[in-house]
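Residue numbers (the working numbering), protein chains in the order written: chain A, 36 to 246; chain B, 19 to 390.
Note sheet for the following structure.
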Amino acid sequence: MLTIAIAKGRLQQDALDLFARAGISVSEEALASRRLAVEDESGRFRFIFVKPADVPVYVEHGIADCGVVGRDVLLETGSDVLQPLDLKIGCCRIAVAAKRDAGGERRGVLHVATKYPRVAAAHFGARGVPVEIIELSGSVELAPVLGLADCIVDLVETGRTLAENGLVVVENVTETTARLVVNRASYQLKSAAVGQLIEALSVALGESGSL
Amino acid sequence: MEPLSNIPAGMRYYFGREARLRRAVEDAVMSVFDGWGYEEITTPSVDYFALFERGMGREEAARCFRFTDADGRLLALRPDVTSSVARAAATLFAGEARPLRFCYAASVFRQRTRSHAEWRRQERQLGCELIGAGESGADVEMLAVAAEVLERLGLGGAYRITLNHVGVFNGVAAQLGLDADAREQMRRHVDARDAAALEQFVARLGRSGETAARAGRLARIAGGRGVPSEARELLTNEHSRAALDELESLWRVVESLNLGEGFSVDLSDVSGLDYYTGLVFKIYVEGRGARVGSGGRYDELTANFGRREPAVGFVLDLDALTEALARGGDFDSQNVEREAALVRGTEDARARFREARQRRAQGERIRMDFET
Chain A
36 MLTIAIAKGR LQQDALDLFA RAGISVSEEA LASRRLAVED ESGRFRFIFV KPADVPVYVE
96 HGIADCGVVG RDVLLETGSD VLQPLDLKIG CCRIAVAAKR DAGGERRGVL HVATKYPRVA
156 AAHFGARGVP VEIIELSGSV ELAPVLGLAD CIVDLVETGR TLAENGLVVV ENVTETTARL
216 VVNRASYQLK SAAVGQLIEA LSVALGESGS L
Chain B
19 MEPLSNIPAG MRYYFGREAR LRRAVEDAVM SVFDGWGYEE ITTPSVDYFA LFERGMGREE
79 AARCFRFTDA DGRLLALRPD VTSSVARAAA TLFAGEARPL RFCYAASVFR QRTRSHAEWR
139 RQERQLGCEL IGAGESGADV EMLAVAAEVL ERLGLGGAYR ITLNHVGVFN GVAAQLGLDA
199 DAREQMRRHV DARDAAALEQ FVARLGRSGE TAARAGRLAR IAGGRGVPSE ARELLTNEHS
259 RAALDELESL WRVVESLNLG EGFSVDLSDV SGLDYYTGLV FKIYVEGRGA RVGSGGRYDE
319 LTANFGRREP AVGFVLDLDA LTEALARGGD FDSQNVEREA ALVRGTEDAR ARFREARQRR
379 AQGERIRMDF ET
């Protein structure tokens with residue numbers, strides 16, 4: 036049996052729909068329960084639902100063989116997992132946003148509020164911009180409004196939350212979609228089952244060029 | 019003041035059941051090495067940083083714990099054993115008949131990059147090196163030793179050794195004319211099996227869509243029995259094809275030795291490309307989410323120390339192995355604390371110690387009781 040960790044929240048429903056199209060479905064009853072681990076109807080897969088940042092943790096340790104998680108999380112955690120498939124769901128971008136009326140005055144150091152300290156540091160580092168990273172765990176949009184930071188680096192899906200807080204996207208950092216990730220040992224020791232899963236998901240995604 | 023109860027990150031104690039298991043595993047592995055004629059070697063725990071920088075490459079050596087000698091030269095706490103063994107082969111053992119066979123059990127120390135699964139900064143390596151034999155027979159010997167070790171540990175049917183040849187990737191990188199940065203980028207995409215990113219990467223180089231699609235398919239070839247025939251279609255450069263031929267003939271020998279079941283070919287294993295020069299392999303066992311060992315051919319290493327000669331070796335991570343074995347299996351089932359008898363009673367200390375010595379000589383485990 037393969038254990039698959041799914042990121043709760045934004046991606047969860049789209050991911051389960053995709054698995055269902057690949058012929059791996061979880062009964063309504065199991066989903067309606069509040070259990071955090073459920074089996075699919077064939078009994079070949081077990082799904083566990085965990086916080087997005089924890090998906091690569093379970094997979095890297097091999098407690099889950101596979102996982103579904105956004106590329107944004109993988110970039111931030113720098114996890115050592117395989118990423119054989121772009122699942123093309125949960126499309127959005129990581130962007131730099133600032134107040135609409137922010138002045139163009141350059142200062143010695145840029146204060147950046149973010150949930151993605153590593154991504155933000157790499158982005159500004161590559162441009163030679165000195166930054167002070169202020170790590171927050173939510174409501175990042177507030178930081179420039181209240182003067183905690185000059186700008187933010189955050190996930191932008193529609194841009195509505197930004198607009199409602201008077202922020203605009205200044206620069207794109209990178210695009211992100213959900214990825215299928217696989218544990219390195221499971222990829223070898225359970226190669227047949229993992230291969231079948233990748234194949235089934237590829238077909239569901241309409242990719243012809245699989246094996 | 020810092021509380022003395024703190025233990026530095028990545029350092030730990032071993033005791034009781036776990037310590038016994040580690041001892042048993044280490045003894046079993048070393049006895050397999052011994053059975054193949056490997057001689058134990060113990061290398062210095064502290065050595066010049068320059069040795070490891072040459073031996074492991076700058077990037078890996080950057081993870082050393084470093085400090086300075088009395089004369090200001092940079093020292094390091096041993097981050098690997100192979101560098102030191104290679105130096106000894108080129109110097110201390112320069113005059114000895116080849117091939118040389120060395121094995122070791124030694125603790126190594128490395129700073130860790132931020133990672134979830136590998137946080138230990140001290141690990142015990144069990145390894146062996148075969149130096150001065152370039153034939154494919156030496157590669158086969160290494161794989162057979164590794165398989166025998168795993169069988170001895172009761173892991174038969176529960177391990178997988180993946181084989182690759184660095185020439186497969188190097189041929190493609192040369193064909194595409196990549197500089198060092200681009201090569202590293204491509205290596206990362208292959209390493210992550212990220213076919214989509216690899217396709218985009220090749221397309222950005224201005225290559226045809228067909229070349230890009232071929233690169234993507236290459237990353238999708240999963241581990242399999244023998245060299246996948248599809249790889250031959252996809253790899254058009256001579257360098258890669260020669261590497262595939264070598265892998266193919268190695269695979270045939272592995273199968274003829276009835277070892278095929280535990281082995282597979284994984285063309286996407288592209289770690290340590292600057293270090294290895296031919297065969298590379300990784301060892302996985304059930305119950306452990308990361309590899310427990312790795313090895314390969316490193317024909318350039320000893321040249322750093324003034325004598326170029328072929329060499330092949332592999333190393334097992336004792337902690338990773340024992341963690342997997344502790345989760346069940348035959349090997350750990352014999353692991354129980356041995357009964358100890360108490361010797362007490364008479365006022366006569368000399369008599370007590372005499373009795374204890376006699377019973378120990380007969381194989382008993384004796385604890386002295388100080389209560390009277």
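The beta-carbon is built from N, C-alpha and C at its ideal position, and this holds for glycine as well.
- Between Thr100 (chain B) and Arg130 (chain B), the alpha-carbon positions lie close to 19 Å from each other.
- In the displayed model, Ser237 (chain A) falls within a helix according to three-state DSSP.
- For Gly185 (chain B), the enclosing alpha helix (DSSP H) has its first and last residue at Val184 to Gln193.
- Secondary structure of Leu120 (chain A) (DSSP, three-state): strand.
- Between Ala50 (chain A) and Val103 (chain A), the beta carbon gap of about 4 Å places them in contact (Cβ cut-off 8 Å).
- For Gln118 (chain A), the C-beta contacts it makes with chain B under 7 Å involve Ala210, Arg211 and Asp212, in order along the chain.
- With a threshold of 8 Å between beta carbons, Asp121 (chain A) makes contact with chain B.
- A distance below 7 Å between beta-carbons, with the five flanking residues on each side excluded, links Leu46 (chain A) to the following residues of its chain, in chain order: Val103, Gly105, Ile124, Gly125 and Ala213.
- Here Thr149 (chain A) is buried, its C-beta having at least 16 other C-beta atoms within 10 Å.
- Given a length threshold of 3 residues, each whole run of the beta strand (DSSP E) inside the stretch 197-221 of chain A is given here in chain order: 202-211 and 213-217.
- DSSP, read as helix, strand or coil, puts Ala165 (chain B) in helix.
- Residue-level contact check: Arg178 (chain B) touches chain A, since one or more beta carbons of chain A fall below 8 Å from its beta carbon.
- Between Leu253 (chain B) and Val184 (chain B), the gap from beta carbon to beta carbon reaches 8 Å or more.
- If one requires a minimum length of 4 residues, the alpha helix (DSSP H) runs lying completely within the stretch 235-293 of chain B are 247-252 and 256-274, in chain order.
- Of the residues B:Val288, B:Arg385, B:Gly242 and B:Arg235, the one whose Cα lies closest to the Cα of Trp269 (chain B) is B:Gly242.
- In the pairwise beta carbon analysis, the stretch 107-123 of chain B is classified as touching the stretch 142-149 of chain B: at least three pairs are separated by under 8 Å.
- Along the length of the stretch 33-57 of chain B, whole beta strand (DSSP E) runs at least 3 residues long do not occur.
- Leu277 (chain B) places its beta carbon less than 8 Å from that of Ala162 (chain B).
- Scanning its chain for C-beta atoms nearer than 7 Å, with the 5 sequence neighbours on each side dropped, one finds around Tyr56 (chain B) the residues Arg119, Phe120, Cys121 and Cys146, in chain order.
- In this structure Gly189 (chain B) is buried. Its beta-carbon is surrounded by 16 or more other beta-carbon atoms within 10 angstroms.
- Listed by position along chain A, the residues whose Cβ is nearer than 7 Å to that of Tyr302 (chain B) are Ala220, Gln223 and Leu224.
- Close to Ser282 (chain B), with beta-carbon spacing below 8 Å, are these residues of chain A in chain order: Gln223 and Ser226.
- When the alpha-carbon of Gly28 (chain B) is set against those of B:Gly75, B:Glu36 and B:Arg139, the nearest one is in B:Arg139.
- Put simply, of A:Leu71, A:Ala57 and A:Val203 the residue whose alpha carbon is nearest the alpha carbon of Lys43 (chain A) is A:Leu71.
- Ranking B:Ala374, B:Ala358, B:Ala369 and B:Leu343 by CA distance to the CA of Gln352 (chain B) puts B:Leu343 first.
- At least 8 Å separates the beta-carbon of His158 (chain A) from that of Val191 (chain A).
- Distance from the CA atom of Phe85 (chain B) to the CA atom of Ala104 (chain B), rounded to whole angstroms, is 23 Å.
- Residue state for Met204 (chain B) is assigned as helix, using DSSP reduced to three classes.
- The C-beta of Glu365 (chain B) has fewer than 16 other C-beta atoms within 10 Å across all chains shown, which makes the residue exposed.
- Per the C-alpha coordinates, the member of B:Val64, B:Thr109, B:Arg259 and B:Pro97 positioned closest to Glu77 (chain B) is B:Pro97.
- The continuous stretches of beta strand (DSSP E) do not include Ser23 (chain B), and DSSP gives it neither H nor E.
- The count of Cβ pairs closer than 8 Å, one atom from the stretch 108-116 of chain B and one from the stretch 39-55 of chain B, stays below three, leaving the stretches out of contact.
- For Leu336 (chain B), the uninterrupted alpha helix (DSSP H) segment begins and ends at Leu336 to Ala344.
- Distance from the CA atom of Leu148 (chain B) to the CA atom of Ala214 (chain B), rounded to whole angstroms, is 39 Å.
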